[in-house]
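A.B. asks:
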């Protein structure tokens with residue numbers, strides 16, 4: 083089983099629609115969770131961190147369920163500019179070496195296309 | 005404030021050759037992580053450098069090695085290139101403080117192995 087799993091999509095939605103992405107992770111020792119956005123042929127950029135209490139940033143809402151090891155991202159009122167690949171990312175302490183040694187594990191990403 | 009920079013942007017090599025990729029972290033950051041992103045995949049962690057030492061390593065062979073310099077910049081070296089090494093190589097910088105610390109990515113180096 084992959085450490086971070088996402089539905090690869092693509093999700094094709096009309097402008098103004100609400101779309102939800104889901105992600106599961108297998109390592110219960112995971113400590114921090116993020117959604118990154120990656121535009122075509124560009125580097126990933128942090129969209130938002132994900133907290134157990136849920137967090138919202140404008141049209142974006144992220145939720146974490148530690149018991150189910152499940153992360154979600156909700157996008158309301160989709161814009162054309164939201165078209166991108168959304169990467170679920172898990173951050174955990176990794177083996178070695180002294181204070182604060184962590185690594186990011188990425189899902190394969192979910193591709194979103196917002197259609198006019 | 006300069007973000008993470010990487011060079012070169014694109015590179016073409018042949019099988020068996022060696023390649024060196026370079027990364028300069030965001031100002032004030034002390035930790036550099038390297039990732040390999042194959043087409044259609046998420047980035048895969050290669051290794052992380054802090055205080056000029058490799059601190060963590062992903063599931064990559066010894067052909068992949070790196071270095072961090074006193075100014076925190078870093079190099080990724082790949083020996084005996086294989087066709088499967090063709091990918092986008094991403095460098096990310098952060099502060100070595102904890103799991104919530106954001107990693108900032110550079111634009112990447114696209115490597116094509118023929």
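Protein chains in written order, with our numbering: chain A, 83 to 198; chain B, 5 to 118. All C-beta atoms in this analysis are idealised placements derived from N, C-alpha and C, irrespective of residue type, glycine included.
With three or more C-beta pairs closer than 8 Å as the rule, is the stretch 42–58 of chain B touching the stretch 68–88 of chain B?
C.D. replies: yes
A.B. asks: In three-state terms, what does DSSP make of residue 70 of chain B?
C.D. replies: By 1-based counting over the second chain, the position of residue 70 of chain B is 66. Note: residue 70 of chain B maps to strand in three-state DSSP.
A.B. asks: My output table needs one value for residue 129 of chain A: the three-state DSSP class, helix, strand or coil.
C.D. replies: As a first step, residue 129 of chain A must be located in the first chain, where it is residue number 47. In the three-state scheme derived from DSSP, where H, G and I count as helix and E and B as strand, residue 129 of chain A is classed as strand.
A.B. asks: Could you please give the first and the last residue of the uninterrupted beta strand (DSSP E) stretch that includes residue 102 of chain A?
C.D. replies: Walking along the first chain from the start, residue 102 of chain A turns up at place 20. Run containing residue 102 of chain A: 101–107, per the beta strand (DSSP E) assignment.
A.B. asks: Please list the partners that residue 13 of chain B has in chain A, where partner means a Cβ-to-Cβ separation under 7 Å.
C.D. replies: The residue you call residue 13 of chain B lines up with position 9 of the second chain. Within 7 Å Cβ-Cβ: nothing; residue 13 of chain B doesn't reach chain A, min ~11 Å.
A.B. asks: In angstroms with no decimal places, state the Cα-to-Cα distance between residue 73 of chain B and residue 27 of chain B.
C.D. replies: On the second chain, residue 73 of chain B is found 69 positions in, with the first residue counted as 1. On the second chain, residue 27 of chain B is found 23 positions in, with the first residue counted as 1. Looking at the two C-alpha atoms, the distance is approximately 10 Å.
A.B. asks: Among residues of its own chain, excluding the 5 on either side of residue 128 of chain A, which ones have a beta-carbon nearer than 7 Å to its beta-carbon?
C.D. replies: As a position in the first chain, residue 128 of chain A is number 46, starting the count at 1. Closer than 7 Å at the Cβ level, and outside the excluded window around residue 128 of chain A, lie 116 and 118.
A.B. asks: Taking all protein chains shown into account, do 16 or more other C-beta atoms lie within 10 angstroms of the C-beta of residue 149 of chain A, making it buried, or fewer, making it exposed?
C.D. replies: The residue you call residue 149 of chain A lines up with position 67 of the first chain. Label assigned to residue 149 of chain A: exposed.
A.B. asks: So residue 8 of chain B and residue 90 of chain B are in contact, right, with Cβ under 8 Å, and what is the actual spacing, rounded?
C.D. replies: For the purposes of this step, residue 8 of chain B is taken as residue 4 along the second chain, with counting starting at 1. For the purposes of this step, residue 90 of chain B is taken as residue 86 along the second chain, with counting starting at 1. Not quite, the Cβ-Cβ distance comes to about 22 Å (not below 8 Å), so this is no contact.
A.B. asks: Which chain B residues are close to residue 125 of chain A, counting only those with a beta carbon under 7 Å from its beta carbon?
C.D. replies: Working through the first chain from its first residue, we reach residue 125 of chain A at position 43. Near residue 125 of chain A (Cβ distances below 7 Å), the residues of chain B are 94, 109, 110, 111 and 112.
A.B. asks: Looking only at its own chain, which residues have a Cβ that is under 8 Å from the Cβ of residue 17 of chain B, when we skip the five neighbours before and after it?
C.D. replies: One-based indexing of the second chain puts residue 17 of chain B at position 13. Hits under 8 Å: 23, 85, 115, 116, 117 and 118.
A.B. asks: Using the beta-carbon of each residue, which ones in chain A are nearer than 9 Å to residue 49 of chain B?
C.D. replies: Position 45 of the second chain, counted from the start, is the residue given in the question as residue 49 of chain B. Listed along the chain, the chain A residues whose CB falls inside 9 Å of the CB of residue 49 of chain B are 176, 185, 186, 187 and 188.
A.B. asks: Helix or strand or just coil, what does DSSP make of residue 118 of chain B?
C.D. replies: Walking along the second chain from the start, residue 118 of chain B turns up at place 114. Three-state DSSP puts residue 118 of chain B in coil, outside helix and strand.
A.B. asks: Relative to the C-alpha of residue 32 of chain B, which residue among B:112, B:106, B:113 and B:111 is closest?
C.D. replies: Translated into positions along the second chain, residue 32 of chain B becomes position 28. The shortest Cα separation from residue 32 of chain B among B:112, B:106, B:113 and B:111 belongs to B:106.
A.B. asks: Taking 9 Å as the CB-CB limit, is residue 18 of chain B close to chain A?
C.D. replies: Locating residue 18 of chain B in the second chain gives position 14, where the first residue counts as 1. Chain A contact via Cβ: absent.
A.B. asks: Going straight from the alpha carbon of residue 11 of chain B to that of residue 122 of chain A, what length do you get?
C.D. replies: Translated into the one-based positions of the second chain, residue 11 of chain B becomes position 7. Translated into the one-based positions of the first chain, residue 122 of chain A becomes position 40. Straight-line Cα distance between these residues: approximately 19 Å.
A.B. asks: Can you find a CB in chain B that lies within less than 9 Å of the CB of residue 194 of chain A?
C.D. replies: What you label residue 194 of chain A is simply residue 112 of the first chain in a count that begins at 1. Output row for residue 194 of chain A: interface = no.
A.B. asks: Helix, strand or coil for residue 162 of chain A, going by three-state DSSP, please let me know.
C.D. replies: Stepping through the first chain from its first residue, residue 162 of chain A is reached at position 80. Here residue 162 of chain A sits in helix by DSSP.
A.B. asks: Is residue 155 of chain A close to chain B? Criterion is C-beta to C-beta, closer than 9 Å.
C.D. replies: For this step, residue 155 of chain A is matched to residue 73 along the first chain. No, its Cβ sits nowhere closer than 9 Å to a Cβ of chain B.
A.B. asks: Leaving out five residues on either side along the sequence, give the residues of the same chain with a beta carbon under 7 Å from the beta carbon of residue 91 of chain A.
C.D. replies: Indexing the first chain from 1 puts residue 91 of chain A at position 9. So the qualifying residues of the chain are 192, 193 and 194.
A.B. asks: Please state whether DSSP places residue 89 of chain B in a helix, a strand or coil.
C.D. replies: Sequence index remark: in the second chain, residue 89 of chain B carries index 85 (1-based). Residue 89 of chain B: helix per DSSP, three-state reduction.
A.B. asks: Would you mind telling me which residues of chain D sit closer than 7 Å to residue 128 of chain A, beta carbon to beta carbon, in chain order?
C.D. replies: Absent from the structure is chain D; the protein chains it does hold are A and B.
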